[in-house]
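Quick note on numbering: this note's numbering labels position 92 of the sequence shown as 1259, and the sequence is numbered without any gaps.
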Amino acid sequence: MKQYHLNASQTAVWQNERAYAGSAINVISIKLHIREFPAAAVKTMADGVLRSADIFYATLNAQTPQPYFTLSDAPVTLTRLARERTAVEAFAYTENGDKTPLDKGVLYDAEVIPIREGGALLYVRFHHML
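If you want it as structure tokens, here you go:
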């Protein structure tokens, strides 16, 4: 397991995060309504992206005075497939997620929501250190 210390900018972000503990102030969400592909295809594409970059194998360890990223050889957390919703319901669902902080140490969360009218909504939340 490899450890990488945060640079000065990332450390400043981490300190800011501690000031706003329990909020989603440091989470960036992306919502892509992909109309031309079914949810299974969008999930396959998103999972491929997650497997392709080292940063998605990392977790943030903030238990010490000097936080650091840990890069693991464990399998990457893949995209979840949610239940089907209408487009309006899917975007309303994501509004709640936008207000929810990521779990401790987690740097991203990805979900595909099948849209009843066709296509899927790719909903990804990133820790802004990424």
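Every residue gets a Cβ at the ideal spot worked out from N, C-alpha and C, and that includes glycine.
Span separating the alpha-carbon of residue i from that of residue j
{"i": "residue 1290", "j": "residue 1233", "result": "31 Å"}
{"i": "residue 1169", "j": "residue 1238", "result": "5 Å"}
{"i": "residue 1171", "j": "residue 1177", "result": "11 Å"}
{"i": "residue 1286", "j": "residue 1279", "result": "10 Å"}
{"i": "residue 1190", "j": "residue 1270", "result": "11 Å"}
{"i": "residue 1179", "j": "residue 1188", "result": "14 Å"}
{"i": "residue 1222", "j": "residue 1182", "result": "20 Å"}
{"i": "residue 1277", "j": "residue 1245", "result": "7 Å"}
{"i": "residue 1173", "j": "residue 1268", "result": "20 Å"}
{"i": "residue 1175", "j": "residue 1243", "result": "27 Å"}
Rounded Cβ spacing between residue i and residue j (contact assumed at less than 8 Å)
{"i": "residue 1272", "j": "residue 1217", "result": "That pair is no contact at about 17 Å."}
{"i": "residue 1236", "j": "residue 1225", "result": "5 Å"}
{"i": "residue 1194", "j": "residue 1292", "result": "5 Å"}
{"i": "residue 1275", "j": "residue 1294", "result": "7 Å"}
{"i": "residue 1208", "j": "residue 1281", "result": "Not really, about 11 Å apart at Cβ, beyond 8 Å."}
{"i": "residue 1257", "j": "residue 1288", "result": "5 Å"}
Terminal residues of the alpha helix (DSSP H) in which residue i lies
{"i": "residue 1291", "result": "Residue 1291 -> not in any alpha helix (DSSP H); beta strand (DSSP E) instead, spanning 1287–1294."}
{"i": "residue 1241", "result": "Unbroken run through residue 1241: none, as it is neither H nor E."}
{"i": "residue 1258", "result": "1254–1265"}
Residue span of the beta strand (DSSP E) that contains residue i, given as start and end
{"i": "residue 1225", "result": "1225–1228"}
{"i": "residue 1236", "result": "1235–1238"}
{"i": "residue 1169", "result": "1169–1172"}
Residue i in three-state terms, based on DSSP
{"i": "residue 1210", "result": "helix"}
{"i": "residue 1197", "result": "strand"}
{"i": "residue 1276", "result": "strand"}
{"i": "residue 1248", "result": "strand"}
{"i": "residue 1222", "result": "helix"}
Report yes or no: do three or more beta-carbon pairs, one from the stretch 1193–1203 and one from the stretch 1231–1250, lie closer than 8 Å? no
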